[in-house]
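Q: Protein chains in written order, with the numbering used here: chain A, 97 to 394; chain B, 610 to 935; chain C, 2 to 426.
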């Protein structure tokens, strides 16, 4: 029984982390039809910025409880500076090109940002452990979990519900849905599609960098971070259906639970179980679980 | 009927001597074979690897002309390498030609199965599913301690038709074998693209639905192209396994597939010679970038890719095309 | 007039030939150094190793080393380093090795951290007939699965770490009932775990395996794995994690009480113990892959190395740095021995190899004996200890040393077989 509870809790924690890491990707795809590989770079940038700034401020005697605010601020700074530059400076001119070509362009940017990170922060791992241990822990049965994990779960739920609310209940959200449905007609109706793209891209980047920033206190920030998260986010988003928020949530839960189960009962399979699930889902439902049927244009 | 009433393609199909590509392939192969006699050992080695990777990219070419970018060629590249290496380890096979054929066949067999599934997909999903499959192979190989896991294992020096070349000639003989295989493969693919099935390749990218209205099967074309790509990737993997003398699961990692796609983009898909040009230039950029600084080589690669995509969307080969027209 | 001109020309040409021939003897020795300068292994291993190579070469060239290494460079000829990044695929590394040998024309290559690279490079070194010294890679397979003339390894292989860990576990927890492990799911982690499990079966037969977690390399998130380890109720937990993964594991396991519930063994813990001193409680078992760093003997050689390194780079040298310097000193010993036997003239590679096989020499970590792999593979003693904070500073206590024969297999027997047969000689 204890093990079952552990599987569920571990699954939920991991799924929340996956969801927060992946929604930025699905949002950008849903609105702009871009499979954004720099997603990984924003995640890593958020983590590095958070770790170095928070660490530096704590060393200067900042009040430890403020570190959570600093984490959020670092993420926002990264997204608000780098994302608009990328979108306005480069991607904007490429929208007419094929989906795959744009993806390759984001791949090229990812490679460049990887090295930029190494040049700015060096190759040594960073860590800032204080925010993780500060909030004490809770116990379930014989297992202890730091309360920090509740923050991760909270962020996942807040982002998910927040996005759903914005998209369905606010004017801006409704306009965004129009843009998703048909950019050409939206432009014809007077909607500033370019501005929506800029805002969406920046917000998607912010979601990624926020995931990175809040993950930073739980581990050691290393140069390889960005690469792994891309593949994981892809798997989650593809399983759920590109562009679908509920899909990303369901995908995250599936992957999180499957992984948790395999770790407790069959640890050796953990390595490729995620690709296996991804291949399985794609084989059965080619466009993901929650995909919208698209009419073929002749 | 005078030649002017026939189209250029009809002329070349009936008269290979008039086909510029065929002539070019044969000429370049001859130049490489001659230059190999005097080139330094390290250059022969580099060229062998570049040609082997060029073979893999040649396999990408028909798929990319359909508009499909496979991010999983590494699956067959790695499979070909392991098949060749294991043939050496378990069945004491050391003949280079046999190893290459085994690599290509095993890869082809798997593609015959997988292609049935993959040919249903288009655009990014084709790429993502192919990526997932190559990562599954990677995971399986890493898990398998009997095959050395991430350490891999070594491949013994090759023999050719029963005879082992002298130490000094080893690199040259391999380079020659690879050049001949590359030339033959190029000509085969070139010919394939001129057959009706091959011509439908570009038609699919233009408008798949209209093609099906005409009674042709887009799936069949994609399937055939996929299997061809796999066989060529298997050849490439087996060659690299023997040339480097070592195999490991990294050969199946998605970044390896990314490299092949990079080379394909770099060179463009206009001619069967382009993949080899792309592979060679990529090796040169990689080598140069690597030497410049350990923390900037990815940046240099990324910047080159971006520049090519933005300014030369048809790849570097389009420079040749433009020069000819001018 | 004519005779004076003649004598001038004669004496000048004599001086010239004397100068050039003397210069030939003291022409710089090109040493190719290959280690990770970028990528995840750079921070904890590659960069300290490169730093060690640079400062060792510098000190040797200036003749500022204690006996018996007082001669400048190798036998009087200065060392010139050619650095190569070990990053990239094995194909890239084999290419770079060939470039080092055939384009840069180095005299000797010292390097390689990745076992995959070591395995691939060894036959190429034989083919190109270039003296190559591996300084860090861990797989025992190099000299157990093959036999090489031009390849040497001046550090013990990874089996020693796991066997030593098991011996220490037996010493401090002889009544352990359950043990578990968390290792990275690739060759290094798989081998480390199977060696440890095998050794424990021999040393504490009553102990059972709780769970063996094998997360993928660089996973970074170990929540579920730590839960599984906690749930298993193990007395001992073994891990061969390194760098970011090790740090993440320590950061995540600490607050969840894993270190209190089980005795944790960090076989490469020496690289993280100072940086994460605040997160590592007392009683954690730390290894340094041999008698390096905090376990190094308190002799003159170690003091010389450690103080020079710390002065230059502001951090004490870790085991990767020790291993690199050990390689240089090994080659130096062999080179000078061969040169002496050659009447003071520059020795050929084959002469250096003949002089290198089977020697015993002193390094900052202690005695190095080239006694396995037909004289090509080194063995040393190993040491493990437990963390203890003294006055707020991280130190080790309860240090136990295990002699070389207890933790390395005998010549001609594969490590895995040796463990399975109860460490019989």
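Note that the Cβ used here is the ideal one computed from N, Cα and C, for glycine as well.
Closest to residue 384 of chain C by CA distance: which of C:378, C:272, C:221, C:166 is it?
A: Position 383 of the third chain holds residue 384 of chain C. With distances taken between Cα atoms, residue 384 of chain C lies closest to C:166.
Q: Looking at the C-beta of residue 417 of chain C, does it have a partner C-beta in chain A at a distance below 8 Å?
A: Numbered from 1 along the third chain, position 416 holds the residue referred to as residue 417 of chain C. Not an interface residue.
Q: Between which two residues does the alpha helix (DSSP H) holding residue 86 of chain C run?
A: Indexing the third chain from 1 puts residue 86 of chain C at position 85. Run containing residue 86 of chain C: none in the alpha helix (DSSP H); it sits in the beta strand (DSSP E), 80 to 86.
Q: For residue 234 of chain A, report the span of its beta strand (DSSP E) as first-last.
A: Reading the first chain from its first residue, position 138 is the one you call residue 234 of chain A. That run of the beta strand (DSSP E) goes 233 to 236.
Q: Measuring only the C-alpha atoms, how far is residue 885 of chain B from residue 664 of chain B?
A: On the second chain, residue 885 of chain B is found 276 positions in, with the first residue counted as 1. On the second chain, residue 664 of chain B is found 55 positions in, with the first residue counted as 1. If you take the alpha carbons of residue 885 of chain B and residue 664 of chain B, they lie about 7 Å apart.
Q: Who are residue 30 of chain C's beta bridge partners in DSSP?
A: Position 29 of the third chain holds residue 30 of chain C. Per DSSP, C:80.
Q: Which same chain residues end up closer than 6 Å to residue 348 of chain C when comparing Cβ atoms and leaving out the 5 residues on each side of it in sequence?
A: As a position in the third chain, residue 348 of chain C is number 347, starting the count at 1. The answer, listed in chain order, is 339, 340.
Q: Specify the secondary structure class of residue 701 of chain B as computed by DSSP and reduced to three states.
A: For the purposes of this step, residue 701 of chain B is taken as the residue at position 92 of the second chain. Residue 701 of chain B: coil per DSSP, three-state reduction.
Q: By how many angstroms is the C-alpha of residue 115 of chain C removed from the C-alpha of residue 91 of chain C?
A: Against the third chain, residue 91 of chain C aligns to sequence position 90. Against the third chain, residue 115 of chain C aligns to sequence position 114. The straight-line gap from Cα to Cα measures roughly 9 Å.
Q: Using a Cβ cut-off of 8 Å (strictly closer), state whether residue 768 of chain B contacts chain C.
A: Looking up residue 768 of chain B in the second chain gives position 159. Output row for residue 768 of chain B: interface = no.
Q: Can you have a look at residue 321 of chain A and say buried or exposed, based on whether 16 or more other CB atoms are within 10 angstroms of its CB?
A: As a working note, residue 321 of chain A is residue 225 in the first chain. Its Cβ being crowded by 16 or more others within 10 Å, residue 321 of chain A is buried.
Q: Starting from residue 175 of chain A, follow the alpha helix (DSSP H) in both directions and report where the run begins and ends.
A: As a first step, residue 175 of chain A is located in the first chain; it is residue number 79 there, counting from the start. Residues 163 to 185.
Q: Please compile the residues from chain A whose C-beta is within a distance smaller than 8 Å of the C-beta of residue 920 of chain B.
A: In the second chain, the residue the question calls residue 920 of chain B occupies position 311. The contacting residues do not exist; residue 920 of chain B stays about 12 Å from chain A at best.
Q: Below 7 Å on C-beta distance, what does residue 224 of chain C contact in chain A?
A: Position 223 of the third chain, counted from the first residue, corresponds to residue 224 of chain C. The answer, in chain order, is 106, 109, 110.
Q: Identify the contact partners of residue 223 of chain A in chain C, using a Cβ-Cβ distance below 7 Å as the criterion.
A: Looking up residue 223 of chain A in the first chain gives position 127. Ordered by position in chain C, the residues that pass the 7 Å Cβ test against residue 223 of chain A are 248, 252.
Q: How would you list, in chain order, the residues of chain A whose beta-carbon sits under 7 Å from the beta-carbon of residue 43 of chain C?
A: As a position in the third chain, residue 43 of chain C is number 42, starting the count at 1. From the beta-carbon of residue 43 of chain C, the residues of chain A found nearer than 7 Å are 219.
Q: Bridge partners for residue 288 of chain C per DSSP, in chain order?
A: Along the third chain, one-based indexing puts residue 288 of chain C at 287. Residue 288 of chain C is bridged to C:385.
Q: If residue 684 of chain B sits next to residue 746 of chain B, beta carbons under 8 Å apart, how far is it from one beta carbon to the other, in whole angstroms?
A: Sequence index remark: in the second chain, residue 684 of chain B carries index 75 (1-based). Sequence index remark: in the second chain, residue 746 of chain B carries index 137 (1-based). Contact holds; Cβ gap of about 5 Å.
Q: Between residue 344 of chain A and residue 118 of chain A, how many whole angstroms is the CB-CB distance? I'm expecting something under 8 Å.
A: Numbered from its first residue, the first chain carries residue 344 of chain A at position 248. Numbered from its first residue, the first chain carries residue 118 of chain A at position 22. Sure, about 5 Å apart at Cβ, within 8 Å.
Q: In this structure, how does DSSP classify residue 429 of chain C when only helix, strand and coil are distinguished?
A: Chain C is shown only over 2 to 426; residue 429 of chain C falls outside these bounds and no answer can be derived.
Q: Where does residue 275 of chain C sit, in a helix, a strand or coil, going by DSSP?
A: Counted from its first residue, the third chain places residue 275 of chain C at position 274. Three-state result, residue 275 of chain C: coil.
Q: When you compare only the Cα positions, how much space is there between residue 101 of chain C and residue 397 of chain C?
A: Here residue 101 of chain C refers to the residue found at position 100 when the third chain is read from its first residue. Here residue 397 of chain C refers to the residue found at position 396 when the third chain is read from its first residue. About 41 Å.
Q: Which of the three DSSP states is assigned to residue 371 of chain C in this structure?
A: The residue you call residue 371 of chain C lines up with position 370 of the third chain. Three-state result, residue 371 of chain C: strand.
Q: So if DSSP puts residue 363 of chain C in a beta bridge, which residue, or which two residues, is it bridged to?
A: In the third chain, the residue the question calls residue 363 of chain C occupies position 362. Looking at the DSSP assignment, residue 363 of chain C forms a beta bridge with C:368.
Q: According to DSSP, what are the bridge partners of residue 240 of chain C?
A: Here residue 240 of chain C is taken as the residue at index 239 of the third chain, counted from 1. Per DSSP, C:267.
Q: Using a C-beta to C-beta distance shorter than 7 Å, which residues of chain B count as neighbours of residue 124 of chain C?
A: What you label residue 124 of chain C is simply residue 123 of the third chain in a count that begins at 1. In chain order: 763, 854.
Q: Whole angstroms is fine: what's the gap from residue 348 of chain A's alpha carbon to residue 102 of chain A's?
A: The residue you call residue 348 of chain A lines up with position 252 of the first chain. The residue you call residue 102 of chain A lines up with position 6 of the first chain. Using only the alpha carbons, I get a separation of about 18 Å.
Q: Give the residues of chain C in contact with residue 758 of chain B, contact being defined as C-beta atoms less than 7 Å apart.
A: Taking the second chain and counting its residues from 1, the one referred to as residue 758 of chain B is at position 149. Neighbours of residue 758 of chain B on chain C, chain order: 187, 188, 191.
Q: Which bits of chain A does residue 257 of chain C rub up against, with CB to CB less than 8 Å?
A: In the third chain, residue 257 of chain C corresponds to position 256, counting from 1. Here the neighbours are 233, 239, 240, 241, 242.
Q: CA-CA distance, residue 33 of chain C and residue 249 of chain A?
A: Taking the first residue of the third chain as position 1, residue 33 of chain C is located at position 32. Taking the first residue of the first chain as position 1, residue 249 of chain A is located at position 153. Going by the C-alpha atoms only, they are around 51 Å apart.
Q: Strictly under 8 Å for the Cβ-Cβ distance: is residue 935 of chain B near chain C by that measure?
A: As a first step, residue 935 of chain B must be located in the second chain, where it is residue number 326. Per-residue confidence for residue 935 of chain B stands at a pLDDT of 48, beneath the threshold of 50, marking its modelled position as unreliable; the derived number appears in the next sentence. False, the Cβ-Cβ gap to chain C never drops below 8 Å.
Q: Among C:161, C:399, C:108, C:109, which one has its Cα closest to the Cα of residue 241 of chain C?
A: Against the third chain, residue 241 of chain C aligns to sequence position 240. Selected option, being the one with the closest Cα: C:161.
Q: Which partner residues of residue 182 of chain C appear in the DSSP bridge assignment?
A: Counting from 1 along the third chain, the entry for residue 182 of chain C is found at position 181. Answer is C:213, C:239, bridged to residue 182 of chain C.
Q: Of the residues C:404, C:122, C:81, C:393, which one's Cα is nearest the Cα of residue 370 of chain C?
A: Residue numbering aside, residue 370 of chain C sits at position 369 when the third chain is read from its first letter. The shortest C-alpha separation from residue 370 of chain C is found at C:404.
Q: Would you report the Cα separation of residue 171 of chain A and residue 143 of chain A, rounded to the nearest angstrom?
A: Start at 1 with the first residue of the first chain, and residue 171 of chain A comes out as number 75. Start at 1 with the first residue of the first chain, and residue 143 of chain A comes out as number 47. Rounded to whole angstroms, residue 171 of chain A to residue 143 of chain A spans 8 Å at the Cα level.
Q: With three or more beta-carbon pairs closer than 8 Å as the criterion, would you say the region 912 to 919 of chain B touches the region 95 to 114 of chain C?
A: no
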